[in-house]
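Below is one structure, written out as structure tokens; the observations come after it.
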Ligand code: PEP
Ligand code: MG
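In my numbering, the protein residues as written are 72 to 661.
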């Protein structure tokens, strides 16, 4: 019997599962070149036609599955891919070139696609440039079929799989099928990377940042993922399997004790109401939001619409999603954040040296006002439901909010002129997630109706720690006193200007942070739906004067570790009933 091995990583999405390894690799394929005799030209063309047909069948079946499991809106990018696959011009050029050049079809097809992609890459519009990704997606699928190679597509993962990969791009992560994927383990990433966020959204146990994972694991092995402790176990012994079966039982019991908190009011023991809302990435998650008792959607990360579809959805497509979401959540509010593209949510071949400090979020929007306007029109039209709010991501200057408000006003005027219905009193807010915005929040507050603090990015930018880099993940700590002071500053600035202030980063779902955030006076907390019952349980055990005292004392510490130790001691002494929740969380080693 092979020896058991424990591979340690970062716990990012809780739960324990046992399943079969599915290695998801995006390996580069070498396309070879061989001359062919004239008598084989016909055969070569037939091979090509067969590969196109096979690829179409595959794309159709993926489309069918996405349609059923995620929704028709997400499957639409496949229609565009099928159209490209059957593009007459490409097909005829390939056939002609096989005849003229007398070379194998893989080589010819690859060459024709390269020319085509080069032309698209130089196109003026962003939309066309982004189609290069699609072209290569389909092209490599055809070439793999020609070469008889298997695909490693994330949508085709078999049942009961544990996905093992070096990395999963946000667009691939968005296509993960939660009914087939039991767990995820990857070599890179940290707590707040987008793979971690997606895993939590889909409630899939995940461990990130396991160095050298791909060299230690084989396809088809059975492994355990412990998402609470951040471990992958290879060749588990019988004793270990038994231990985890027992742990799983306990976990289910614990979940049962939390279930009443899906429905109880979000009130502190002394009666202060704090809104607890849901962060969602995919439209269908509103079902989770409702199931766990969210009081609204506090953050809809719309860029996932863009990423799953691999391109900008039309105004009509976006409107349908926003409008349906608003209707399903009514009368509760829905905060729709405009695209936060860039950073690690990259969709094209566009690269930059420091993506997190580069062309991201509102910067992309302001440079592409047409793209932004399409989205604003769709959100505004959905606002006719009277429960929609708009939020802009990654504001770092006062000018940005002025410019974006100006564009919004223009779009409103256009809609009014056309007699299109929308809510002209809808609230407009910003994410406060850069240190500059946090520091000048008293000025920014004059321009908006609310703030939502993005503690993930605020921590990343304040501490100069890449949120997705496993090598420095021990430095990423939202309890760092610098982060806490900025948060306090934002809440105070918001309240001085009489606007409400929420928090929608991962800090909102950390039970240990509750006394501090409540003591600071936070008005709303938004988190992945599954965290809601636990946070509500903690909230209901606290009182405002106690929280104010705790938060004031917490601000005096020098390090994140001191803050956390103090919070643990205090909870142990004053709130023993919630200690189990605070302990339960898979935390970083201290
Ligand atoms: C944040 O930065 O805290 C946030 C909520 O936004 P995102 O995680 O989508 O960057
Ligand atoms: Mg952010």
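Just so it is clear, CB atoms sit at the ideal spot from N, CA and C, and this is done for glycine as well. From a predicted model like this one, the values you see are computed outputs, not experimental measurements.
Among the options, which residue has its Cα nearest to the Cα of residue i?
| i | options | result |
| --- | --- | --- |
| residue 225 | 329, 540, 188, 246 | 246 |
| residue 113 | 173, 285, 219 | 173 |
| residue 73 | 79, 308, 153 | 308 |
| residue 319 | 389, 346, 85 | 85 |
| residue 250 | 589, 115, 260, 233 | 233 |
| residue 152 | 601, 211, 489 | 211 |
| residue 361 | 636, 601, 637, 618 | 601 |
| residue 230 | 277, 93, 117, 130 | 93 |
| residue 480 | 605, 443, 425 | 443 |
| residue 532 | 554, 101, 518, 219 | 554 |
| residue 181 | 268, 101, 514, 191 | 101 |
| residue 622 | 604, 648, 402, 550 | 550 |
| residue 475 | 614, 564, 435, 567 | 435 |
| residue 616 | 590, 610, 609, 633 | 590 |
| residue 291 | 530, 298, 228, 427 | 228 |
| residue 342 | 131, 610, 635, 643 | 610 |
| residue 586 | 340, 187, 445 | 340 |
| residue 588 | 603, 193, 558, 577 | 558 |
So, using beta-carbon positions, are residue i and residue j closer together than 7 Å?
| i | j | result |
| --- | --- | --- |
| residue 393 | residue 351 | no |
| residue 81 | residue 369 | no |
| residue 376 | residue 384 | yes |
| residue 333 | residue 364 | yes |
| residue 575 | residue 523 | yes |
| residue 625 | residue 646 | no |
| residue 266 | residue 239 | yes |
| residue 498 | residue 520 | yes |
| residue 177 | residue 217 | yes |
| residue 213 | residue 126 | yes |
| residue 570 | residue 516 | yes |
| residue 258 | residue 284 | yes |
| residue 296 | residue 88 | yes |
| residue 310 | residue 544 | no |
| residue 468 | residue 410 | no |
| residue 463 | residue 501 | yes |
| residue 538 | residue 263 | yes |
| residue 156 | residue 209 | yes |
| residue 579 | residue 598 | yes |
| residue 452 | residue 493 | yes |
| residue 607 | residue 337 | yes |
| residue 169 | residue 116 | yes |
| residue 91 | residue 293 | yes |
| residue 387 | residue 448 | no |
| residue 354 | residue 396 | yes |
Is residue i helix, strand or coil by DSSP?
| i | result |
| --- | --- |
| residue 258 | coil |
| residue 516 | helix |
| residue 489 | coil |
| residue 310 | helix |
| residue 687 | Given a span of 72 to 661 for the chain in the structure shown, any question on residue 687 remains unanswerable. |
| residue 350 | strand |
| residue 74 | coil |
| residue 266 | helix |
| residue 571 | strand |
| residue 300 | coil |
| residue 86 | coil |
| residue 236 | strand |
| residue 194 | coil |
| residue 230 | coil |
| residue 427 | helix |
| residue 277 | strand |
| residue 370 | strand |
| residue 629 | coil |
| residue 661 | Caution applies to residue 661, whose pLDDT of 40 falls short of 50 and renders its modelled position unreliable; the model cannot decide the point. |
| residue 218 | helix |
| residue 500 | strand |
| residue 655 | Residue confidence is low: residue 655 scores 46 on pLDDT, short of 50, so the model does not pin down where it sits. No coordinate-derived value is stated. |
| residue 155 | helix |
| residue 295 | strand |
| residue 321 | helix |
Please report the Cβ distance between residue i and residue j, rounded to the nearest whole angstrom; I am assuming they are in contact, meaning their Cβ atoms lie under 8 Å.
| i | j | result |
| --- | --- | --- |
| residue 272 | residue 255 | Going by Cβ atoms, the distance from residue 272 to residue 255 rounds to 12 Å, so no, they are not a contact pair. |
| residue 433 | residue 483 | Actually they are not in contact, since the Cβ atoms of residue 433 and residue 483 sit about 18 Å apart, beyond 8 Å. |
| residue 165 | residue 119 | 6 Å |
| residue 573 | residue 595 | 3 Å |
| residue 405 | residue 277 | That belief does not hold up - the Cβ atoms of residue 405 and residue 277 are roughly 27 Å apart, past 8 Å. |
| residue 306 | residue 76 | 6 Å |
Under a CB-based cut-off of 7 Å, is residue i close to chain B?
| i | result |
| --- | --- |
| residue 253 | Among the protein chains of the structure shown there is no chain B, as only one such chain exists. |
Go through the residues and name those whose CB comes closer than 5 Å to any heavy atom of ligand 2, in chain order. 504, 525, 528
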